[in-house]
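Numbering (UniProt numbering), first residue to last: 1 to 233.
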């Protein structure tokens, strides 16, 4: 019988460790996505630049506050409509009809604005995902150059009036701008309708001297204080 060969010893642990490290490094270097592309490992921990994140957080907080305020205004106007006594069409005056019209319009504006606020929040929170996708798929885009080549954001995009343009560079669609404008328009229109319905309600129920004294004096004082605070403080 031929002599048995001695059993082979397992490879040294250092060799196994180096092989494992090479494999692991290769996996980190090339990370294919489902579309067959190779994604750089630096995009695994993608974060927004501080200026973009600040603009996103500002819009998110403002939309959240506006949604809360418009929801409260809509609830108050619904209660106001319930307090209005029913009036037959034959005895209703133009002032009374205008009161109810502005009340309903204010409710609809505030509800629409609250829905737009939720949409703005939802679209803004998806900005990191959109920015990462643009940085991966469009190497010459501003998000890619800022993140990979450490380029600076153009100064014109860092001004307050250019926030929407800055967010659009990171992937917010044009529909986001329309929704944001609709949110702000509904907020101011709903507030105007709420104030007008309250004033008309006061003039419908109170004597004219009491209505004038109870509305013009507070409105004048508040307006004067507001303008003084904004322009002279």
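For each residue, glycine too, the CB sits at the ideal point set by N, CA and C.
(request) Could you tell me the distance, in whole angstroms, from the CA atom of residue 45 to the CA atom of residue 106? (result) A direct Cα-Cα distance of roughly 45 Å separates residue 45 from residue 106.
(message) Taking a contact to mean a Cβ-Cβ separation below 8 Å, would you say residue 176 touches residue 130 in this structure?
(response) For residue 176 and residue 130, no; Cβs fall outside 8 Å.
(request) Say whether the segment 93-111 touches the segment 137-150, bearing in mind that this needs 3 or more beta-carbon pairs closer than 8 Å, one atom from each stretch. (result) Touching, no.
(message) Can you confirm whether the segment 214-227 touches the segment 107-123 when touching is taken to mean that 3 or more C-beta pairs between the two stretches lie within less than 8 Å?
(response) Touching, no, given that fewer than three Cβ pairs across the two stretches are closer than 8 Å.
(message) I want to know whether the segment 153-170 touches the segment 50-67 - three or more CB-CB distances under 8 Å.
(response) The segment 153-170 vs the segment 50-67: in contact.
(request) Answer yes or no: do residue 116 and residue 193 have a C-beta to C-beta separation smaller than 8 Å? (result) No, Cβ-Cβ distance for residue 116 and residue 193 is not below 8 Å.
(message) Rounded to whole angstroms, what is the Cα-Cα separation between residue 99 and residue 201?
(response) If you take the alpha carbons of residue 99 and residue 201, they lie about 6 Å apart.
(request) Have a look at residue 97 and residue 84 and give me their C-alpha separation to the nearest angstrom. (result) Rounded to whole angstroms, the gap between the alpha carbons of residue 97 and residue 84 is 11 Å.
(request) Please classify residue 141: does DSSP put it in a helix, a strand, or coil? (result) Looking at residue 141 - three-state DSSP - the assignment turns out to be coil, as it is neither helix nor strand.
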